[in-house]
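**Q** Here it is: the structure, laid out below.
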Amino acid sequence: MNPIALTWVLVGKDLKIEYRSRQAYLTTVFFALLILVIFNFAFDPGSPATREAAPGILWVALLFPGIIRLNRSFQVEMEEGTLYGLILSPADRGVLFLGKFLANWFLLIVVDLLVLLAFVIVYNFSFSVQLLWIALLIVLSALGFSAVGTLLGAMVSTIRTREVMLPVLLFPIILPIILPAVNGTQEILLAQEIQSLGRSVELLVAFDVIYLAAGFVLFDYVVAD
Numbered sequence: 016m017n018p019i020a021l022t023w024v025l026v027g028k029d030l031k032i033e034y035r036s037r038q039a040y041l042t043t044v045f046f047a048l049l050i051l052v053i054f055n056f057a058f059d060p061g062s063p064a065t066r067e068a069a070p071g072i073l074w075v076a077l078l079f080p081g082i083i084r085l086n087r088s089f090q091v092e093m094e095e096g097t098l099y100g101l102i103l104s105p106a107d108r109g110v111l112f113l114g115k116f117l118a119n120w121f122l123l124i125v126v127d128l129l130v131l132l133a134f135v136i137v138y139n140f141s142f143s144v145q146l147l148w149i150a151l152l153i154v155l156s157a158l159g160f161s162a163v164g165t166l167l168g169a170m171v172s173t174i175r176t177r178e179v180m181l182p183v184l185l186f187p188i189i190l191p192i193i194l195p196a197v198n199g200t201q202e203i204l205l206a207q208e209i210q211s212l213g214r215s216v217e218l219l220v221a222f223d224v225i226y227l228a229a230g231f232v233l234f235d236y237v238v239a240d
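Reading the sequence shown from the start, the letters are residues 16 to 240 in the working numbering.
Set out below in structure tokens:
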């Protein structure tokens with residue numbers, strides 16, 4: 016089968032699995048919304064402190080549900096024993112990585128955009144064109160996050176303590192994409208300007224390319240072990 020067609024077959028497989036087990040996906044969304052509500056009660060609504068902490072609150076609400084999503088990415092294959100079948104298939108390991116990565120990226124973007132919508136409503140930010148720049152930061156950061164998370168998710172999928180090991184390994188590696196994303200969000204929400212946002216976008220794109228290339232190359236060695 017053509018590698019591109021096979022990649023989309025794998026993406027469709029993962030999306031169908033998530034659609035059939037909607038309760039797990041809804042739980043992830045609910046967890047993100049719960050984080051926003053808890054932080055909203057922790058600060059005085061409408062106070063300057065709340066506005067200053069808003070970018071950090073948003074990215075906390077985006078990151079932790081992402082960890083839950085990535086922890087689940089190989090769970091079904093491990094429970095049903097299909098992961099070994101995929102590994103033993105004649106398909107290129109890089110194609111397997113791309114299929115899983117694209118599915119994780121798409122599902123993560125959907126969750127993150129729902130969280131962004133809830134964030135704007137809960138923290139009383141106005142809907143404006145500048146929110147599209149935050150959406151761009153979310154999409155770019157989700158790309159690198161999904162690339163690294165897919166690779167590490169495969170690495171820890173056979174470990175009993177994978178729920179603990181994945182965030183321990185993941186967070187230090189993704190700092191180069193989280194910091195520009197938070198800084199860019201802070202400029203948009205607080206400074207109300209996008210003149211210096213280009214630097215954050217450039218850093219995100221650069222590290223996305225690095226993480227995606229590394230995941231594509233290293234995935235073969237990870238699943239082989």
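Glycine included, each C-beta is placed from N, C-alpha and C at the ideal position.
Which of helix, strand or coil does DSSP assign to Y236?
**A** DSSP places Y236 in helix when its eight states are reduced to three.
**Q** Mind checking R214: buried by the 16 CB within 10 Å criterion, or exposed?
**A** By the 10 Å Cβ count, R214 comes out exposed.
**Q** To the nearest angstrom, how far is it from the Cα of L122 to the Cα of L30?
**A** Roughly 8 Å between the two C-alpha positions.
**Q** At the level of alpha carbons, what is the spacing between F79 and I72?
**A** Distance between the alpha carbons of F79 and I72: 11 Å.
**Q** When you compare the CB positions of G168 and F89, do they come within less than 7 Å of one another, or not?
**A** Yes, they are a contact pair.
**Q** Does the distance from the CB of I192 to the CB of S156 come in under 7 Å?
**A** Going by C-beta atoms, I192 is nearer than 7 Å to S156.
**Q** Mind the definition here: the stretch 225-240 touches the stretch 106-119 only if three or more C-beta pairs lie below 8 Å; say whether that holds.
**A** The stretch 225-240 vs the stretch 106-119: in contact.
**Q** Beta-carbon within less than 7 Å of P195's beta-carbon, same chain only, minus the 5 sequence neighbours each way: which residues are those?
**A** Only S215, L218 and L219 meet the Cβ criterion.
**Q** I need the straight-line Cα distance from N55 to V232, nearest angstrom please.
**A** Cα to Cα, the separation comes out at about 42 Å.
**Q** Determine whether the beta carbon atoms of G199 and L152 lie at a separation below 7 Å.
**A** Yes; because the gap between Cβ atoms is below 7 Å, this pair is in contact.
**Q** Closest to A57 by C-alpha separation, out of L166, Y138 and L184, would be which residue?
**A** The shortest Cα separation from A57 among L166, Y138 and L184 belongs to Y138.
**Q** Under three-state DSSP, which class holds F46?
**A** Residue state, collapsed to three classes: helix.
**Q** Beta carbon of A76, beta carbon of V163: below 7 Å?
**A** Against a cut-off of 7 Å, the Cβ pair of V163 and A76 comes out as no contact.
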